[in-house]
Amino acid sequence: MDLAFNRLDQTGLDYDLCSYGSSRLRFRGPEKSTAHPYLTFMGGDETFGKFAPKPFPELIERQTGVTALNLGCTGAGLDTLLSDNALLPLASGAVCTVLQVMGAHAMSNDYYSVHPRRNDRFLSPGAKLLSLFPAVDFTEISFTRHLHFTLAEKSPEKHRRLVTAIQCTWIDKMKQVLASIGGPVILLRIQPGGRLHDTSALGPDPLFVTDDMMAQLAPVTAATLQFEPSLEARRKNMDGMVYGELQAPMAAELPGPSVQREIALGLLPALAEFLDPLEDDEPAYFSRP
Numbered sequence: 001m002d003l004a005f006n007r008l009d010q011t012g013l014d015y016d017l018c019s020y021g022s023s024r025l026r027f028r029g030p031e032k033s034t035a036h037p038y039l040t041f042m043g044g045d046e047t048f049g050k051f052a053p054k055p056f057p058e059l060i061e062r063q064t065g066v067t068a069l070n071l072g073c074t075g076a077g078l079d080t081l082l083s084d085n086a087l088l089p090l091a092s093g094a095v096c097t098v099l100q101v102m103g104a105h106a107m108s109n110d111y112y113s114v115h116p117r118r119n120d121r122f123l124s125p126g127a128k129l130l131s132l133f134p135a136v137d138f139t140e141i142s143f144t145r146h147l148h149f150t151l152a153e154k155s156p157e158k159h160r161r162l163v164t165a166i167q168c169t170w171i172d173k174m175k176q177v178l179a180s181i182g183g184p185v186i187l188l189r190i191q192p193g194g195r196l197h198d199t200s201a202l203g204p205d206p207l208f209v210t211d212d213m214m215a216q217l218a219p220v221t222a223a224t225l226q227f228e229p230s231l232e233a234r235r236k237n238m239d240g241m242v243y244g245e246l247q248a249p250m251a252a253e254l255p256g257p258s259v260q261r262e263i264a265l266g267l268l269p270a271l272a273e274f275l276d277p278l279e280d281d282e283p284a285y286f287s288r289p
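Under the UniProt record's numbering, residues 1 to 289 are what the sequence shown spells out, in order.
Structural data, given as structure tokens:
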């Protein structure tokens, strides 16, 4: 089982994991009641808040007083949302949903299949991919990012054709997710995808998602927000993170407390119209040093 899905990881950070209804997924807790108005936050590691004591959904709950369900999952992609019977109905009942934009590489498509819950994990190539890259040995590939690195190195031109195809699939699946939720959705595009150092030769995170793709979704969303951490937040990013010595490289690529705080503050204005008037006084966590 992945480290992030253990109740207590090797660093001692307790994620207080919980589940909702019939969902097979485990979410960051504690479990919240849906008897009163609530917000839902869906996404991947950045929303889950891996290594972060207080992820941005919790900070927003503290600021607004409105219950926040953190439905972020490690390794999540669009298929994580679409394959779970309980997740989208939870979002449908929310006052508003914040949906972190996830990469187009991490989902099943006409060319390859991924794990239904851990969408970052490559399962098998399809006939189209085998035809496009007949010389590639796919048996040594376990993750989708590794898959795309391998294919881009083998043939940049063929890889571009593959990316164009999966971008179309991503748009279709995003529209399916948004239609299933039904209520107001704010799309949160974290650039560079919560990965604070864009060293990927494949492009910035969320991988293969372009401005044009986001523009196509704008008419069916309440808002589309693009977040990029400030230089100061990046400099302090790992301050206050909880991780083991061997986890430092992974932690460096995820939002720490300073970045989580900026994400929360950036979302508050967009959420305001869906919530009761906010309190004038900010809690201490939000106060600037």
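A virtual CB, placed ideally from N, CA and C, is assigned to each residue, including glycine.
Proximal residues to residue i (C-beta, below 8 angstroms), its chain only, five neighbours per side dropped
i: L69; result: Y20, F27, K32, T34, Y38, L39, T40, F41, P57, L90 and A94
i: G182; result: S92
i: L88; result: L81, L82, V177, S180 and I181
i: H146; result: F122
Nonlocal neighbours in the same chain, by C-beta distance under 6 angstroms from residue i, ignoring five residues either side
i: K236; result: S258
i: F138; result: P125
i: R118; result: G75
i: T47; result: F41, G72 and Q100
i: I166; result: A104 and N109
i: Q247; result: none
Cβ neighbour criterion (16 or more within 10 Å) applied to residue i
i: N85; result: exposed
i: N110; result: Inspection of the sequence shows that residue 110 is occupied by Asp rather than by Asn. It is exposed - the Cβ of D110 has fewer than 16 other Cβ atoms within 10 Å.
i: G193; result: At G193 the pLDDT is 40, less than 50, meaning the model places this residue with poor confidence and gives no usable figure here.
i: T80; result: buried
i: residue 312; result: Only positions 1 to 289 of the chain appear in this structure, which leaves residue 312 out of reach.
i: A218; result: exposed
i: T144; result: buried
i: R160; result: exposed
i: C168; result: exposed
i: K175; result: exposed
i: D211; result: exposed
i: R24; result: exposed
i: E262; result: buried
i: H115; result: buried
i: T64; result: buried
i: P255; result: buried
i: D172; result: exposed
i: L231; result: exposed
i: A106; result: buried
i: D16; result: exposed
Residue i in three-state terms, based on DSSP
i: F122; result: strand
i: L261; result: Rather than Leu, the amino acid found at residue 261 in this sequence is Arg. R261: helix per DSSP, three-state reduction.
i: M250; result: helix
i: M241; result: coil
i: M214; result: helix
i: A104; result: coil
i: D84; result: coil
i: L162; result: helix
i: L99; result: strand
i: D14; result: strand
i: F56; result: helix
i: F51; result: coil
i: F27; result: strand
i: K236; result: coil
i: residue 308; result: Nothing can be reported for residue 308, as the shown portion of the chain is limited to 1 through 289.
i: D137; result: coil
i: A274; result: According to the sequence displayed, residue 274 carries Phe and not Ala. Coil.
i: K175; result: helix
i: T150; result: helix
i: T169; result: helix
Backbone CA spacing between residue i and residue j [nearest angstrom]
i: H148; j: V220; result: 30 angstroms
i: R234; j: S155; result: 34 angstroms
i: G43; j: A152; result: 26 angstroms
i: P229; j: E140; result: 35 angstroms
i: K128; j: L202; result: 21 angstroms
i: G49; j: C96; result: 20 angstroms
i: L207; j: P30; result: 31 angstroms
i: P269; j: Q260; result: 16 angstroms
i: L13; j: P249; result: 17 angstroms
i: A272; j: S113; result: 39 angstroms
i: T224; j: R189; result: 8 angstroms
i: H36; j: M241; result: 32 angstroms
i: G77; j: P53; result: 23 angstroms
i: F274; j: F133; result: 48 angstroms
i: M238; j: L59; result: 18 angstroms
i: A222; j: V136; result: 43 angstroms
i: P184; j: A251; result: 32 angstroms
i: E253; j: F227; result: 15 angstroms
i: Q216; j: L187; result: 12 angstroms
i: E157; j: M214; result: 24 angstroms
i: M102; j: V66; result: 25 angstroms
Per DSSP, cross-strand counterpart(s) of residue i
i: R189; result: Q226
i: S113; result: S124
i: A68; result: L39
i: F143; result: R121
Distance cut-off 6 angstroms: residue i Cβ against heavy atoms of the ligand COA
i: P156; result: Ligands are entirely absent from the displayed structure, and the ligand COA is therefore not among its contents.
Same chain, Cβ closer than 7 angstroms to residue i, neighbours up to 5 away in sequence not counted
i: L162; result: Y111, L132 and L151
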